[in-house]
Amino acid sequence: MKKYLFLVGVLFLATSTLYSQEFKLEDVLNNFYKASGFDKLQNVKSVIMTGSTTTWVVMPTKTYRVRPNKFRMERDVNDITGLTVYDGQTAWTTAPWSKNPKPQVVTEPNLSDLKIQADFDGVLYNWKEKGHIVELVGLEKLGDSDVYRIKLTRSDSIVEYYLIDSKSFLIQKKLGIRNFKGKDYKIDITFSDYRDIDGIMFPFNIMNNSEGQPTSAETQYETIEVNRPVDDNLFVMPVK
62 MKKYLFLVGV
72 LFLATSTLYS
82 QEFKLEDVLN
92 NFYKASGFDK
102 LQNVKSVIMT
112 GSTTTWVVMP
122 TKTYRVRPNK
132 FRMERDVNDI
142 TGLTVYDGQT
152 AWTTAPWSKN
162 PKPQVVTEPN
172 LSDLKIQADF
182 DGVLYNWKEK
192 GHIVELVGLE
202 KLGDSDVYRI
212 KLTRSDSIVE
222 YYLIDSKSFL
232 IQKKLGIRNF
242 KGKDYKIDIT
252 FSDYRDIDGI
262 MFPFNIMNNS
272 EGQPTSAETQ
282 YETIEVNRPV
292 DDNLFVMPVK
């Protein structure tokens, strides 16, 4: 009986040790950095992503990202191009098909999200220096896969969750809540079709099923290029 209890105790300790090892935030993040190719990403100055976004229409899409935090997205609707741009300080948009086709300065709460989107390395890299708080919630199921749930409290106090696959250590989902005009909306974005571009893993498919938009939006990239020249004038807001 004593021998049996001893073996049970050993197994319990072994399981507890394994459990604690699996749920160390630093280990999960380090595996995420390694799997994503962050060592290679540090040598990348620009990324150009070309594809299409499908809602109720198919919109050709082109995104420019320049280190550390410049961002430009072009979307064509009926051969008319709308822009969403952040130059590192000011964000602006154009919607030529709307009643007000002139460039519009982006204000809160959309400005905060655009700043996060423009972060070249992403919010989980150097998160302490950026003023974010990151916690490992635990291990859970996403379909047939086990994923780590990471809780991110952004520097602006907005909370987001990132689900990282326990085998590939790539981000599978981004979840959260946004409050707009006094109403909460669920954020649900899925990342898939990861491909290796110069040692860096990029999701070629992004499905946005968030609430508060007329329909889901699926972005499928055809090409992703790194370290291509990008004209700095692309980020300059035109004079009204």
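Positions 62 to 301 (the working numbering) are the ones given, in order, by the sequence shown. All C-beta atoms, glycine included, are put in the ideal place defined by N, C-alpha and C.
Neighbour flag for residue i against chain D, beta carbons, 9 Å
i, result
"LEU90", "Protein chain content of the structure displayed is limited to a single chain, and chain D is not contained in it."
Beta-carbon contacts of residue i that lie in its chain and below 6 Å, excluding the five residues immediately before and after
i, result
"MET298", "TRP153, PRO164"
"MET134", "THR124, THR145"
"PHE265", "ASP254, ARG256, TYR282"
"ILE261", "GLY98, LYS101, LEU102"
"ILE194", "THR214"
"TRP117", "THR276"
"ILE232", "TYR223, ILE225, PHE252"
"PRO157", "ILE141"
"GLN82", "For GLN82, the pLDDT reaches just 47, beneath the cut-off of 50, and the residue's location in the model is therefore unreliable, although a value from the coordinates is still provided. If we look at GLN82 and ignore the five residues flanking it on each side, it has no Cβ neighbours."
"ILE250", "LYS235, ASN269"
Of the listed residues the options, nearest to residue i (C-alpha basis)
i, options, result
"PRO275", "ASP259, GLN281, TYR246", "TYR246"
"THR114", "VAL287, VAL300, ASN270, LEU175", "ASN270"
"THR142", "ASN161, ASP226, PRO121, ARG239", "PRO121"
"GLU286", "PHE263, ASP292, PHE252, THR280", "PHE263"
"LYS85", "LEU172, ASN240, LEU197, PHE181", "LEU197"
"GLY149", "ASP137, PRO157, SER173, ARG136", "SER173"
"THR284", "ASP137, ASP217, ILE258", "ILE258"
"ARG239", "GLU169, THR280, ASP293", "GLU169"
"VAL291", "LYS189, ARG128, ASN104", "ARG128"
Three-state secondary structure assigned by DSSP to residue i
i, result
"ALA156", "coil"
"GLN348", "Absent from the model: residue 348. The displayed extent of the chain is 62 to 301, so no value can be given."
"GLU190", "coil"
"LYS212", "strand"
"ARG128", "coil"
"ASP182", "coil"
"LYS176", "helix"
"SER113", "strand"
"ASP205", "coil"
"THR150", "Correcting the residue identity first, residue 150 is Gln in this sequence and not Thr. Coil at GLN150, not helix or strand."
Beta-carbon contacts of residue i that lie in its chain and below 8 Å, excluding the five residues immediately before and after
i, result
"LEU295", "TYR125, ARG133, VAL146"
"ARG289", "SER107, ILE109"
"LYS177", "The displayed chain sequence assigns Ile, not Lys, to residue 177. Around ILE177: VAL184, ARG215."
"ASP217", "SER173"
Buried or exposed (CB count within 10 angstroms, at least 16 for buried), residue i
i, result
"VAL208", "buried"
"SER159", "exposed"
"GLU201", "exposed"
"LYS234", "buried"
"GLU221", "buried"
"GLY112", "buried"
Any non-hydrogen atom of the ligand MN within 8 Å of residue i CB
i, result
"TYR94", "In terms of ligand content, the structure shown is empty, and the ligand MN therefore cannot be addressed."
Extent of the continuous alpha helix (DSSP H) to which residue i belongs
i, result
"PHE263", "Segment 261-269 is the beta strand (DSSP E) holding PHE263; no alpha helix (DSSP H) there."
"GLU169", "No alpha helix (DSSP H) contains GLU169, which DSSP labels as neither H nor E."
"ASN288", "Per DSSP, ASN288 belongs to no alpha helix (DSSP H) and is neither H nor E."
"VAL300", "Note, VAL300: premise wrong, no alpha helix (DSSP H); not H, not E."
Limits of the unbroken beta strand (DSSP E) element including residue i
i, result
"ASN104", "Where ASN104 is concerned, there is no enclosing beta strand (DSSP E), given that its DSSP letter is neither H nor E."
"VAL118", "Taken as a continuous stretch (DSSP letters only), VAL118 belongs to no beta strand (DSSP E), as it is neither H nor E."
"ASN6", "The structure shown does not extend to residue 6, since the chain spans only 62 to 301, so no value can be given for it."
"LEU144", "141-147"
"LEU90", "No beta strand (DSSP E) contains LEU90, which is instead part of the alpha helix (DSSP H) from 86-97."
"ILE225", "220-226"
"LYS163", "No beta strand (DSSP E) contains LYS163, which DSSP labels as neither H nor E."
Neighbourhood of residue i by C-beta distance below 7 Å, restricted to the same chain and skipping five residues each side
i, result
"GLU272", "TYR246, LYS247"
"VAL167", "ALA152, TRP153, THR154, LEU175"
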